[in-house]
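Protein chains in written order, with this note's numbering: chain A, 66 to 532; chain B, 147 to 693.
A virtual CB, placed ideally from N, CA and C, is assigned to each residue, including glycine.
Report on the following structure.
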Ligand SMILES: [Fe+2]
Ligand SMILES: [Fe+2]
């Protein structure tokens, strides 16, 4: 547990970054001498001096999707979300990677930086322009945004992958145990989910990548884990704390537990269900709810799980199943799970024998359902989280190259990182990852997505690229 | 070979763990021994960090290593510190310079917990995880969490098998041109007002979920198809009721009871379903629940009494005995009052059971039950109350006499009459008061007879007055004549006693309020007896002002 002192620093750091965002935004509209801007800058400077009273240096660095303050990844309260997002976008636009303030910084130093910053987006080489204008300023240093080195990722990737398959295997075990009436260790379940939560907090995109592969034989178990991952990732965007994320992760992991009573030949049937089969399928929320309540003594977690298992197909507007006499607003977690569940189900071939959709098609269908079947606000957060072109989407770029969406960009949601798999005439090439936010000399985006395709149709083994 | 100082300290800190495990389990946080242990332990860490910046231990099944040196060994299964960490998957733990006393204490508190106990739902790694230590890092091996050996490679080869045939990138490339353009999904930035909505959602979300669960379980109960499933769902409902009561959420249970009641009232209800629904309702009135309610009432926490009353309204008769039991245990008057009211509500469902409370060894419980029976006013209680007339405690006796008077009945008369000869004046007076509720001629005659008896004049003034006060209930001519006779009686012996009789007769006349007797009373206004003068005067005034 961090000490009081550390908590204080964290709080000041959050306030400082938030205020920096406010300052930069208002300075884009008003002159630096404007009263409002002036007082905003003063407020920020007071945060700066408070921080410099406790730490010798202020280092704000962009790594991947996160800000790091003096080497610690920043978490921030939800009310700062918009300002943090704004700042992240503005830093990235200018390829600004770090921003360092040392003792003795003056108001003039800061004003110089702000001017340099707001005048740079019109420049072709924004970072160089800022650098030039900041010449002679000793107390503020900047550094260029570093691209993430792929090799460093290899070990992490291995770890994340291991954690993912551990979770699937564990889920499989749990479902079998519940089915045969054996005792289930929730201590272990917690551990599995905590590990996923950690990975999502640090490596969200990697874990989201794991969920893109849907061809496993035992898809039911993968589905549970995928939904859990999607939920926790969304929960993170919604500002839930680690403990709440674990709860959400557990609850969503068990959302389909009631399916254990559906015969596998029905569940995995390659054709549409008959009326009789549908009747069986529609019972799984209620069966799941009951099974979860029997698992252990009633507590917050089991109550939550039972509620979510029961409600996850009811829909935001109660048009789904089960139908009940007096429906009340769906539980917050139920609405989160509904989103994640629909998305994962639609993009996979097995669940309810649907033809799999490409992720972007699934999302546009979900978009139509936002406000009816799905909670519109949560959907907005969901699409912000997963991106317009989620990881695993097969795409053609305007340059006629084919690629697979490799990693989302939370700030520029339609400009993910893409792994190129063919050249512009369709020849296979060795995977090179490019970033669609990259611009050319004329300050235009170099490449953009124009088409999306179903990788399964062409027998493309996503696992080869993602695992 | 010299042993380096840091190694010595690393060994010492293992001892810190072992000692901490014991001490922190035994003593509360404010105990001097506890505090001393924390202080000493922290000093060891402090010492260590003057030599090295990090202290890393590696855990194996039966040993702990610092660097490459063994600092702990234990081949046994019991009390094995190495195994204690190892079995939950911990393989390494590192303390960093900067470790705070708080962090260390939290760490020691966690390892001192009793993990063998069933109730503990977290293992040591989860507890570490929740603390999110800044200066304590650990490495875990999670393979033991998975259920089968290496599911990963199994799944991977499965995928490979599926993709035996080469992919068809060229086809994809060609098809791409025929595809419609990528769906343009307008991603809109989240705005401030939406964040506010979300805050509200998160706030609402923190509320109790039990009501929702109850609704769901109720829906499941009425929708299950197989009869043996009713019992299953009812069991969950019972657990939910217990949980809600534990949380003090009476309202959630009340709402459930309302729905169950409506269900059980239906004519077409399936027999098994009825049985199970009743089982839940009965549980809401079981000893377990009622005892918890009693504790809740006694704790002084705010209770919505209207809500409580409505809760009681929906209980069945099985709640009566538990409530009687609770009544004897409650400490606050306020709580007792609420429970008494509850029994007044529930009692009519089963008077016989309620009367069992009359035999309670605690006199005040018996008295409360009598009070409750009186408020219910069911004559079936009389036979049981009659037995209580012989109660040794006078407070109980008085209560039962009063109640019998209000309930009435032929057996009551005999019992009350016997009470008139009780050796305790309070009992006799209570009986007289009770008679004022029975307007039978028998009683009237009996009272007059007793007044006329020789011994009457030796009774205390208080008792005499009570006789005449009771007699005032019969405002007929017979009583009037009787009173006139008493007023006119003459005697040379025991004149002061005679005046007492006349004074209370005057009192009675005043109560009856007939103008006809005014001349008679006026005559006594100037009596030699001060007592009689005063009573006559008061009676006249009463009659006059009643006009
Ligand atoms: Fe489902
Ligand atoms: Fe599902």
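Across the region 496-520 of chain A, CB contacts with chain B closer than 7 Å involve 514, 515, 516, 517, 518, in sequence order along the chain. Sequence-distant Cβ neighbours of residue 359 of chain B in its own chain, meaning closer than 7 Å and more than five residues away, are 386. In the DSSP assignment, residue 284 of chain B falls within the beta strand (DSSP E) that extends over 282-286.
Scanning the region 443-471 of chain A for uninterrupted alpha helix (DSSP H) segments of 4 residues or longer gives nothing; none is fully contained. For residue 208 of chain A, the uninterrupted beta strand (DSSP E) segment begins and ends at 205-209. Comparing alpha-carbon positions, the option among B:297, B:294, B:414, B:272 lying closest to residue 285 of chain B turns out to be B:272. Look at residue 374 of chain A: its beta carbon is at least 7 Å from all of the heavy atoms in ligand 2. By the rule that beta-carbons nearer than 8 Å mark a contact, residue 523 of chain A touches chain B. Taking a Cβ-Cβ cut-off of 9 Å, the neighbours of residue 280 of chain A in chain B comprise 304, 305, 308, 309, given in sequence order. In the DSSP assignment, residue 162 of chain A falls outside any alpha helix (DSSP H) and within the unbroken beta strand (DSSP E) covering 161-167. Contacts between residue 318 of chain B and chain A, judged by CB atoms closer than 7 Å, involve 459, 467, 518, 523 in chain order.
Taken through DSSP and simplified to helix, strand or coil, residue 386 of chain A comes out as coil. Residues of the region 243-267 of chain A with a C-beta atom less than 7 Å from some C-beta of chain B are 251, 252, 253, 255, 256, 257, 259, 260, listed in chain order. Under a 10 Å Cβ-count criterion, residue 377 of chain B is classified as exposed, with fewer than 16 other Cβ atoms of the shown protein chains found around its own Cβ. Taking all protein chains in view, the Cβ of residue 270 of chain B is crowded by 16 or more other Cβ atoms within 10 Å, so the residue is classified as buried. Per DSSP, residue 500 of chain A is one residue of the beta strand (DSSP E) stretching across 493-500. Residue 274 of chain A is positioned such that its CB atom lies closer than 8 Å to that of residue 531 of chain A. Residue 606 of chain B and residue 498 of chain B have their C-alpha atoms spaced approximately 40 Å apart.
Bounds of the alpha helix (DSSP H) holding residue 366 of chain B are 356-369. Looking at the backbone, the Cα of residue 234 of chain B and that of residue 173 of chain B are separated by about 26 Å. The residue among A:451, A:485, A:460, A:320 with its C-alpha nearest the C-alpha of residue 476 of chain A is A:451. Using a C-beta cut-off of 8 Å, the region 188-203 of chain A makes no contact with the region 100-111 of chain A, since fewer than three inter-stretch Cβ pairs fall below that distance. C-alpha of residue 451 of chain B to C-alpha of residue 71 of chain A: approximately 47 Å in a straight line. In chain order, the residues positioned with their C-beta nearer than 5 Å to some heavy atom of ligand 2 are A:321, A:406. For residue 152 of chain B, there are no C-beta contacts with chain A under 7 Å, since the nearest C-beta of that chain is about 24 Å from it.
Counted as a single uninterrupted DSSP element, the alpha helix (DSSP H) harbouring residue 340 of chain A occupies residues 340-346. For residue 172 of chain A, the number of other beta carbons within 10 angstroms of its own is below 16, and it is reported as exposed. In this structure, ligand 1 has no non-hydrogen atom nearer than 7 Å to the beta-carbon of residue 380 of chain A. Nearest CB-CB separation between residue 80 of chain A and chain B: not below the 8 Å threshold. Setting aside the 5 residues that flank it on each side, residue 151 of chain B is surrounded in the same chain by 197, each with a C-beta closer than 8 Å to its C-beta; the list follows chain order. Taking the Cα positions, residue 165 of chain A is about 42 Å away from residue 268 of chain B. Separation of residue 569 of chain B and residue 601 of chain B (C-alpha to C-alpha, rounded to the nearest whole angstrom) is 14 Å. In this structure, residue 664 of chain B sits near residue 686 of chain B, with a CB-CB distance shorter than 8 Å. Checking the 7 Å criterion, the Cβ of residue 349 of chain A is within range of a heavy atom belonging to ligand 1. Between residue 267 of chain B and chain A, the shortest Cβ-Cβ separation is below 8 Å.
Residues of the same chain with a CB within less than 6 Å of the CB of residue 178 of chain A, apart from the 5 flanking positions on each side, are 205 in chain order.
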